[in-house]
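First up is the structure itself, then whatever we jot down about it.
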Amino acid sequence: MAAMTDAEPPGDLQLVAAYRSGDELAATEIVRRHGQPLARFLYGAGAMPDEVDDLVQETFFRAFHRLDTWRGEG
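For the sequence shown, the residue numbers in the numbering used here are 40 to 113.
This is the structure:
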């Protein structure tokens, strides 16, 4: 992923564009960047501790399969 070598890390829009172009490392970076905050949110929202990892995985699974509908607004 060429953008990863720049001095400033790529934003989410750039990572999504790279992933859509076939760059699997972009997906890895999205998960690395947002996985822990998502897990904290789910736990804080009442998810059972032993369910959090599965919920994070399911959330990313659904998100990556629906990226074609994402407008980049949120």
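Glycine included, each C-beta is placed from N, C-alpha and C at the ideal position.
If you follow the alpha helix (DSSP H) that residue i is part of, which residue opens it and which one closes it?
| i | result |
| --- | --- |
| Thr108 | Premise fails: Thr108 is in no alpha helix (DSSP H) and is neither H nor E. |
| Asp89 | Premise fails: Asp89 is in no alpha helix (DSSP H) and is neither H nor E. |
Within 10 Å of its beta-carbon, does residue i have 16 or more other beta-carbons around it, so buried, or fewer, so exposed?
| i | result |
| --- | --- |
| Glu63 | exposed |
| Ala114 | Residue 114 lies beyond the stretch modelled for the chain, which goes from 40 to 113, so this question has no answer here. |
What three-state label does DSSP hand residue i in the structure shown?
| i | result |
| --- | --- |
| Asp62 | coil |
| Pro49 | coil |
| Ala78 | helix |
| Gly83 | helix |
Which residues in the same chain as residue i place their Cβ atom closer than 6 Å to its Cβ, once the five residues preceding and following it in sequence are excluded?
| i | result |
| --- | --- |
| Ile69 | Leu54 |
| Leu52 | Gly111 |
I'd like the list of long-range same chain contacts for residue i, defined as Cβ closer than 7 Å, with 5 residues on each side in sequence excluded.
| i | result |
| --- | --- |
| Arg59 | Leu106 |
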